Amino acid sequence: MTCGILLVTHPGVGIALLDVATRLLRQLPLKTEAFEVPFDADLDALLPLASAALRRVDGGDGVLILTDLYGASPANLAGQLARLGTPVRRVSALSLAPFRCNVTMAAKGREINAKSIMGVMLLAAGQGTPVTIRINGEDEVAAMDAVVDLFERRFDEDN
4 MTCGILLVTH PGVGIALLDV ATRLLRQLPL KTEAFEVPFD ADLDALLPLA
54 SAALRRVDGG DGVLILTDLY GASPANLAGQ LARLGTPVRR VSALSLAPFR
104 CNVTMAAKGR EINAKSIMGV MLLAAGQGTP VTIRINGEDE VAAMDAVVDL
154 FERRFDEDN
């Protein structure tokens, strides 16, 4: 048995990420699917479709749900999916793009641009993995406050 990965994203994000990952890896090692949420979507209407996608990627050990922006509709839908009974772990990306500083994340001997959801996804730093965040630039304090807040809230996995 294995876990699966479900990307719950805004339109154009999840499919593009899967395309890049497939081009880089040639074959994805886990069942992976993108479920894209339209900007004007009714989340209650999408829940059965998203739940079906969740079941398709579940290899028996649960599903890792990756969302593109904390607090937006995809992350909210992921929160609803997490309460349906399938073992789920959610990771919501913090949008660091608006900050005018450099942000890197290091774990397991690799360092990535933390403003890149693909980089964060490929870093694969699971729960309990020591992570180093480096932020430098014009608004570094505000960016670090946002990162610390997200970690302190446990990426809202408890909600």
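The sequence shown begins at 4 in my numbering and counts up one residue at a time.
Yeah, the Cβ is synthetic: ideal placement off N, Cα and C, and Gly gets one too.
Computed from a predicted structure; not experimentally measured.
From the DSSP output, read off the bridge partner residues of phenylalanine 38. On the sequence shown, residue 38 is found 35 positions in, with the first residue counted as 1. Phenylalanine 38 is bridged to Val11.
Between alanine 24 and the rest of its own chain, which residues show a CB-CB distance below 7 Å, the 5 nearest in sequence each way excluded? Reading the sequence shown from its first residue, position 21 is the one you call residue 24. Excluding sequence neighbours, alanine 24 sits near Leu31.
Taking C-alpha atoms, which residue in Ala56, Phe154, Asp142 and Asp43 lies nearest to glycine 131? Residue mapping note: residue 131 aligns to position 128 of the sequence shown, counting from 1. Minimum Cα-Cα distance from glycine 131 among the listed residues Ala56, Phe154, Asp142 and Asp43 corresponds to Phe154.
Would you mind working out which of Cys104, Ser76, Ile8 and Asp71 sits nearest leucine 57, comparing C-alpha positions? Mapped onto the sequence shown, residue 57 falls at position 54. When each option's Cα is compared against that of leucine 57, the closest is Ile8.
Nearest-angstrom beta carbon gap, leucine 80 and leucine 49 [assumed within contact, 8 Å]: Along the sequence shown, one-based indexing puts residue 49 at 46. Along the sequence shown, one-based indexing puts residue 80 at 77. Confirmed, about 6 Å.
So who's on the other strand from threonine 5, going by DSSP bridges? The residue labelled residue 5 in the question sits at position 2 within the sequence shown. BP columns for threonine 5 point to Gly63.
Among Asp142, Val144, Pro77 and Val150, which one has its Cα closest to the Cα of threonine 135? As a working note, residue 135 is residue 132 in the sequence shown. Among Asp142, Val144, Pro77 and Val150, the Cα nearest to that of threonine 135 belongs to Val150.
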